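See below for the structure under consideration.
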Amino acid sequence: MKQSSYYIPTLKDVTSDAQMTSHKLMLRAGLMRPLAAGIFSWLPSGYKVLKKIMDILREEMDKSTGQEFMLPALNPVEIWDKTGRSKAMGDVMFHIKNREGLVLAPTHEEIITYHAKQHISSYKDLPQIWYQIQSKFRNEPRPRSGVMRGRQFFMKDAYSMDTSYENLGKSYDKMAATYKRIFDRCGIKYFVVGASSGAMGGGGSQEFMVENAFGEDTCAVSDSGYAANIEIATSAVKSVGRIENNPQYEIFDTPNARTINDLINKYNVQEERCAKSLVYIIEGEPVLILMRGNDELNLSKMESVFETSNIRPAGDSELLEITGANAGSIGPLNLKSEIKIYADNLLKDANGLVSGANQNGRHYKNIDLSRDAKILKYKDFRTVQVGEPDVIDGSPLRIVNAIELGHIFKLGTKYSEALDFKFLDQNGKTHPVVMGSYGIGVERMMACHIEQHSDDKGIVWGKTLAPFDLHLIGLNIHKSENVRNACDKIYNDLKENGLDVLYDDRKASIGFKFKDADLIGLPYQIVVGDRMLGNGKGGEVELKNRRTGESKSIELGEIVNYFKAISEN
RNA sequence: CGGGGUGUGGCGCAGGCCGGUUAGCGCGUCUGGUUUGGGACCAGAAGGCCGAAGGUUCGAAUCCUUUCACCCCGACCA
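Quick note, the first sequence lines up with residues 31 to 599 if you use this note's numbering.
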């Protein structure tokens, strides 16, 4: 492609709106342009990259017995009502205004299940892995970071169907392996974390993450290889345990102690023997959660324990009504009304504890949870903190931001049951099909690749995703007949040998061309100038590696073979 | 949905508090010339109802009201 007639509008400056490196570089390198909040147009070179990512996705999915579908973005809302997700999605789903009952699909579990159900009815039809690479529409309340979170975006979405959870495990493992190949081929450094299945239930899930300061997810990782989303991460922090000689509990005055730190500082209470009480309204019912004094409650873990996302903290007046005290003086003993009490695992059977007395300004000490309190269940409710020992070998945890690139998910029978998708086994017995779902964000792949492959000059594309194989740069091409002829020949020879070349044949200054080429970031630059054309037998050109910055001379006649060799391995 | 910020030629910005002939600057674009191995230089030119609507005023990019759009933080995120 001759650059003089190619639409690749590069920019020196970019709006201060763009924060992430990848966002800035996508704009500067002329890959895409914004159209509206969270909506982007892909320009020719950007679209080429997207297509390369999609090709890799397609090849690897096909290798893993995936079958590609093309599904409509317009969906009847009825099918979404059946699984309850039109309601669950709420405003996130776009609704068509002038055609009642049509929505824009934010994902496709329902549609896939609908079609699967039509013709799959026997164990002989299973397993299946179906996928699609298409636009999804989500009315994100706040799109951000360029293409990282958009309202319209490409997603590779796959669905597996199996006869049992055991077989689901096989499909799931197959997809996990497929994902690893995909990320490796795209040159993206990632880590895999255990993730929350949230209130959706399901049999477990993993996320493919890229560490990045702008990432919207938080993960706990350690050198031993432990990695988990903060939503489910656990650590090997020692539980509070029991002390000897713990007398009967007794009340004591603690005026003006609103926080755990007040108790520690003003009333000489040991931090590890503090227990704080949090009251939440879960499905309309008040529940008291007892935590170690300065631990942070984890909402995702709560949602898993109580299997609902209908959870909110109790208000001030509710607290008083339920417990008899305001926040700061609440505890598991002497509650005004009888409510369920759960406690964090670290407090299991602990004694010698200090906690609120459910009277303002008073606390109990010497509490023994197994002797004095009625704890319904001990569960893991706490959020892990930086530096805590991990559960593998005690290596300290780091807390990092990360971008979620892919998510693999054991759905189980949620959708098959809701949509009545069943099969007959060998004995003629009916079972719901056991499903999994597997997503990858295509734009995010591109953004993450750029995040990991750029320098102060611009993008540094890896071979597999670069919009062109190489950049042919003619210096003073409008002046020098020799340069023009040499470039034309190189361009045509490379093209004939199947290489995709961006040929800078523009009338522009040398410095301008170099800066532009570095910004666009193709893996190799062939620089053709009069100075080197006179060298050697038939003339030489400069071959420059964008990543390393190394350059070397190469004879005109060797160029084709050189690149054929590169493109073959 | 809460908090903050920004809308001025194609792009990036200044001006605004303190209203006053013709609204600036850089980049880009066009014409001519000079240059040429790291975003060249000179000369000339085109291109704007200052986001929109209303108001105050003799007079509004500037002050007031309303509204829209975009960005950031938070809430939310199958």
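Glycine included, C-beta positions come from ideal geometry on N, C-alpha and C.
Just so you know, these numbers come straight off a predicted model, no measurement behind them.
Asked	Found
What is the DSSP secondary structure of Ile369, reduced to helix, strand or coil?	coil
Using a threshold of 7 angstroms, state whether the C-beta atoms of Tyr36 and Met91 are closer than that.	no
Can you tell me whether Arg576 is helix, strand or coil according to DSSP?	coil
What's the C-alpha gap between Tyr256 and Leu198?	24 angstroms
Is it buried or exposed, Thr45, if we count other Cβ atoms within 10 angstroms and call 16 or more buried?	exposed
Per DSSP, what kind of secondary structure is Asn431 in: helix, strand or coil?	strand
With DSSP as the reference, label Asp518 as helix, strand or coil.	helix
Using only alpha-carbon positions, find the residue among Ser334, Arg514, Ser152, Ala344 that is nearest to Gly458.	Ser152
Below 8 angstroms, can you find three or more Cβ-Cβ pairs linking the segment 450-470 to the segment 285-305?	no
Measure the beta-carbon distance from Ile159 to Gln97 and round it to whole angstroms, keeping in mind my assumption that it falls under 8 angstroms.	7 angstroms
What residues in its chain sit with their C-beta under 8 angstroms from that of Asn388, if we drop five residues either side in the sequence?	Thr353, Gly354, Ala355, Ser359, Ile360, Gly361, Leu363, Asn364, Leu365, Lys366
Output the residue ranges of the alpha helix (DSSP H) runs that lie fully inside the segment 307-375 and measure 4 residues or longer, sorted by chain position.	329-336, 346-353
What residue does the alpha helix (DSSP H) around Asn396 start on, and which one ends it?	Segment 392-397 is the beta strand (DSSP E) holding Asn396; no alpha helix (DSSP H) there.
Could you pull the start and end residues of the beta strand (DSSP E) that Pro462 belongs to?	460-462
Measure the alpha-carbon distance for Met321 versus Asn575 and round it to whole angstroms.	57 angstroms
Where DSSP assigns a beta bridge to Lys158, which residues make up the other side?	The sequence as given places Gln at residue 158; Lys does not occur at that position. DSSP, once it has assigned bridges, lists Met191 as partnering Gln158.
By a C-beta neighbour count over all protein chains shown, 10 Å radius and 16 as the cutoff for buried, is Thr95 buried or exposed?	exposed
If we ignore side chains and look at the alpha-carbon of each, how far apart do Asp420 and Phe167 end up?	39 angstroms
Round the Cβ separation of Asn431 and Glu280 to the nearest angstrom and send it over; I've been treating them as touching at under 8 angstroms.	That pair is no contact at about 46 angstroms.
Does the distance from the C-beta atom of Leu552 to that of Ala516 stay below 7 angstroms?	no
Can Ile503 and Val590 be called in contact, C-beta distance under 7 angstroms?	no
Would you kindly work out how many angstroms separate the C-alpha atoms of Ile422 and Lys127, rounded to a whole number?	53 angstroms
Using C-beta distances below 6 angstroms, list every residue in its chain close to Ile550, excluding the 5 sequence neighbours before and after it, in chain order.	Ala59
Classify Cys249 as helix, strand or coil using the three-state DSSP reduction.	strand
Around the C-beta of Phe184, are 16 or more other C-beta atoms found within 10 angstroms, so that it is buried, or is it exposed?	buried
So the candidates are Tyr468, Arg179, Glu585; which of them puts its Cα closest to the Cα of Glu246?	Arg179
Indicate whether His483 and Val490 have their beta-carbon atoms separated by less than 7 angstroms.	yes
Can you tell me whether Thr284 is buried or exposed? The criterion is at least 16 other CB atoms within 10 Å of its CB, across all chains shown.	buried
Return the first residue and the last residue of the alpha helix (DSSP H) that Gly504 is part of.	That residue, Gly504, is in no alpha helix (DSSP H); its beta strand (DSSP E) goes 500-504.
Below 8 angstroms, can you find three or more Cβ-Cβ pairs linking the segment 106-118 to the segment 73-86?	no
Is Gly120 helix, strand or coil when you go by DSSP?	helix
Have a look at Phe70, Ala146, Gly488 and flag the residue whose alpha-carbon is nearest the alpha-carbon of Lys452.	Ala146
In whole angstroms, what separates the C-alpha of Lys154 from that of Tyr77?	40 angstroms
Output the distance between the C-alpha atoms of Asp203 and Gln236, rounded to the nearest integer angstrom.	11 angstroms
Taking the straight line between their C-alpha atoms, what separation do you get for Asp187 and Tyr468?	6 angstroms
CB Ile429 to CB Tyr372, shorter than 7 angstroms?	no
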